[in-house]
Structures are given as C-alpha cells and as structure tokens.
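Chemist: This is the structure, below, for whatever I ask next.
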Amino acid sequence: MSEPAASPGPAASPGPAASPGPAASPEPAASQPDSTRTGPGRLLVAVYGLFALSASARAGVQIATKFGHAPVAYVLSAFAGVVYILATVTLTLGSPTARRIAVLSCSVELAGVLAVGTWSLADPASFPDATVWSGYGSGYGFVPLVLPVFGLLWLRRWSRRARTRGTIVVSAEDTGEAAGGGIAHGEGGDHGMVSTG
Amino acid sequence: MSSVNGAVPTTIIVAGLALAGYALLMTALNRRMNVPLLAAVGVLEILLLVEVGIIVAKLTGGQRPAALATLIGYLIATPIVPVVAAFWGLMERSRWGPAVIAVAGLVAAVLMVRLHQIWPVIHV
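Order-wise, the sequence lines are chains A and B.
Yeah, the first sequence ends on 834 if you go by the numbering used here, and it's all consecutive.
Yeah, the second sequence ends on 144 if you go by the numbering used here, and it's all consecutive.
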C-alpha cells in the first residue's frame, strides 16, 4: 500500500506542485480555494450562472413564441442552455463526480461553440435568428468561446491540487520518505500563514 | 419626459461600467469585498429599480413592445442581478468577490443596451 502511494507521490509532486504551488500561494495566501466554487471559481460560477439563465430563458421564449422561425437556432440555444446549467451546477458542487461532469460539459461547450460558430458562418441560411454560439459567440462578446477554456483550465488546476493534497494526506500518515514531498507543498501554505499571522 | 427616460439608462450604463472598473481594480490589488463596494452595488440596484419602474409605467400606460415576453423576462432578471452578485461575492473571502461584482456592473450596462434593442421606446 505504501509503495504505490509513495511512487506516484514524488513522481507527480515535483511537476504539478512546482507550478500551482508558487502560482497559487501569493494571491489567496490567507484563504486557499477549497472547492471549485471558491477563488477564481467564484467568478467562473457567476459567469456560467449568467449564461445558464440567459441562454435557457432566451431559448424558452423563442421556442414557445416562434419556433417555426428558426428551429435549428432555437434547439441549439436550448441545448447550449442545458450545457451551461450542467456546468454551473457541477462547478458549484465540485465533488469528484461533479468535476468529471463539469469537464465533460465544458468540453461539449467548447466543441459546440466551435462547431456552431463555423456552421453559422458557412451556412447563415440555417440561422435566421442567432444562437448563443453563432459566430463563435460574437453576440455575447466572445465570452461563450473563452468561458469553456477557462473552465477546463480551472478544473485541471483544481484536480491537480486535489491530487497533490491527496499525497500530503498519504505522506502524513506514511513514512518520512513520502513526507519529503509533503513538506515541499506545505512550504507555500506556511509562508502564507506567516505573512498573514 | 423622454429626456428623463434617456437619462436613467445612460446613468446606469456609466454607473455599471464605473462599478466594474472599481471592482476589477480591487481584484487587481487583491482586495476583498468591503462596505464601499457594497454601497456602490446598492446604488446600482436603486437605479435599476427606477428604470424598471419607468418601463412598467410605460406598459401600464398601454404601450406594448413586439417582444413582450422577453421584455418581462428582462424586467424580472434586471433587479435580481446585483442582489445575487452581492450575495455570491460576499461568500467569497478573496479578491474574486469583487470580480463577481464587476460582472454585475458589466451586465447592468449590457442589459440597458439590450432593453433598448427589445423596445426602442426605451431610450439609452
């Protein structure tokens, strides 16, 4: 048990620990984000929530009042709305399963904005009315294009942190050899404590 | 009357953008949520409520936009935005709290432009 835990520990820790450690500790030194909805995730969830509301509400009104006018655009808007709702909820929950679903929905979203963006430019006749993803989200300041990228970056960074934390827990319970990696992580946090306290 | 109608949305756009700029500055300077920022959100909220009141007055006066359902959706969503942002930002104990407020400021400005697009009677 200790061997498999110790071997991925040092192997995984120098890379990810070196990059998120110093990068993350100076900013939120006092309060490390402890879930996907805190720290930068707070902003991410806010923007996702905004798009979940606006995309689904808009699609709902369009489908209810004038579905025949631009069926393709409205169905795609509704789909985008569902994906945004899924991303908002899973980013807020932040459990390992939720994060996996969040990665999936961010990926679908990125693929969607690229595909629909290209489609809307290649075949404007199919889009008499715009969707959230038309023209790569140009109607929404290209936020729909940028948002999934930040979402995926955040989820990756957070899952790395969770993984390094996992090794700290293991190293604390385990031998001093594995704790060597743990001390390296602890340093960043201790600096934060010293500077604040 | 029309000058008043135009003045409120214009004020909201300026106030929203100013709030966003101030909040983003706080994020850049690693500041957390504080009372002055909350007060500024409160001012924005009051302005938005005034604008909603003006539009409701137009509706009760008998005027109707083409997209009535959309307009009503905007009238409901508009005053909620700063309130939700304030709560969500207050839950954050880092620089990212003000960043949420910055989004609310930008959204308020965008909403005024969108309201004008939905119903050109609403001047900007």
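For every residue, glycine included, the Cβ atom is placed at its ideal position computed from N, Cα and C.
Can you give me the start and stop residues for the alpha helix (DSSP H) that L741/A sits inside?
Modeler: 733 to 759
Chemist: Helix, strand or coil: how does DSSP classify P118/B here?
Modeler: helix
Chemist: Can you give the Cα-Cα distance for V139/B and G41/B, rounded to whole angstroms?
Modeler: Strictly speaking, residue 139/B in this sequence is Trp, with Val absent from that position. Approximately 28 Å, taken between the alpha carbons.
Chemist: As a quick exercise: from T47/B, L135/B, V34/B, K78/B, pick the residue whose alpha carbon is nearest that of G93/B.
Modeler: L135/B
Chemist: Would DSSP call G697/A helix, strand or coil?
Modeler: helix
Chemist: Would you identify the three-state DSSP class for G125/B, choosing helix, strand or coil?
Modeler: helix
Chemist: Rounded to whole angstroms, what is the Cα-Cα separation between A129/B and V719/A?
Modeler: Each residue's Cα considered, the two are about 26 Å apart.
Chemist: Where does S732/A land, buried or exposed, given buried means 16+ other C-beta within 10 angstroms?
Modeler: Residue environment: S732/A is assigned as exposed (fewer than 16 neighbouring CB atoms within 10 Å of its CB, all protein chains considered).
Chemist: Can you tell me whether G678/A is buried or exposed? The criterion is at least 16 other CB atoms within 10 Å of its CB, across all chains shown.
Modeler: G678/A is buried by the Cβ-count criterion.
Chemist: Report the neighbours of G676/A on chain B: residues whose CB is nearer than 9 Å to its CB, in chain order.
Modeler: E112, S114, R115, W116
Chemist: Anyone know if the C-beta pair for N54/B and R115/B falls short of 9 Å?
Modeler: no
Chemist: Below 8 Å on C-beta distance, what does T90/B contact in chain A?
Modeler: R695, V698
Chemist: When the cut-off is 9 Å and only beta carbons count, does G41/B lie next to chain A?
Modeler: No, G41/B lies away from the interface with chain A (no Cβ there is under 9 Å from its Cβ).
Chemist: Hey, is G785/A's beta-carbon within less than 9 Å of any beta-carbon in chain B?
Modeler: In the sequence as presented, Gly is not what sits at residue 785/A; that position holds Pro. Closer than 9 Å: no.
Chemist: Figure out for me which residue from T675/A, S775/A, W756/A, Y721/A has the closest Cα to the Cα of V709/A.
Modeler: W756/A
Chemist: Sorted by chain position, which residues of the same chain lie with C-beta nearer than 8 Å to V788/A's C-beta, five sequence neighbours on each side aside?
Modeler: The sequence shown places Gly at residue 788/A, not Val. Around G788/A: L681, Y685, A724, L728, A739, C743, E746.
Chemist: Which runs of the alpha helix (DSSP H) at least 4 residues long sit entirely within the stretch 62 to 114 of chain B? Give them in chain order.
Modeler: 88 to 110
Chemist: Please list, in chain order, all residues of the same chain as I155/B whose beta carbon is under 6 Å from its beta carbon, the five residues on each side excluded.
Modeler: Chain B is shown from 21 up to 144; residue 155/B falls before or after that span and cannot be answered.
Chemist: Using the three-state DSSP reduction, which class does C691/A fall into: helix, strand or coil?
Modeler: It should be pointed out that residue 691/A corresponds to Ser in this sequence rather than to Cys. Helix, per DSSP.
Chemist: For A43/B and P102/B, which I take to be in contact (beta-carbon distance under 8 Å), what is that distance rounded to the nearest angstrom?
Modeler: At roughly 12 Å, the Cβ-Cβ gap does not stay under 8 Å, so A43/B and P102/B are not in contact.
Chemist: Under three-state DSSP, which class holds A49/B?
Modeler: The amino acid occupying residue 49/B in the given sequence is Leu; Ala does not appear at that position. Coil at L49/B, not helix or strand.
Chemist: Nearest by alpha-carbon distance to Q699/A: which of P765/A, P781/A, L782/A, R797/A is it?
Modeler: P765/A
Chemist: Measure from the C-beta of T727/A to each C-beta in chain B and report whether the shortest distance is under 9 Å.
Modeler: no
Chemist: Only counting the same chain, and skipping five residues up and downstream in sequence, which positions put a Cβ closer than 6 Å to that of A715/A?
Modeler: Same-chain partners within the cutoff: A696.
Chemist: Cα-Cα, which of G26/B, V141/B, V28/B, A27/B is closest to P85/B?
Modeler: Of the candidates G26/B, V141/B, V28/B, A27/B, the residue whose Cα lies closest to the Cα of P85/B is V141/B.
Chemist: Flag V120/B as yes if its beta-carbon sits less than 9 Å from any beta-carbon of chain A, otherwise no.
Modeler: yes
Chemist: Measure the CB-CB distance between L784/A and F688/A and report whether it falls below 9 Å.
Modeler: yes
Chemist: For R797/A, which three-state DSSP category applies?
Modeler: helix
Chemist: Using a cut-off of 8 Å between C-beta atoms, extract the partners of A129/B located in chain A.
Modeler: Think of a sphere of 8 Å around the beta carbon of A129/B: no beta carbon from chain A falls inside it, the nearest being about 12 Å out.
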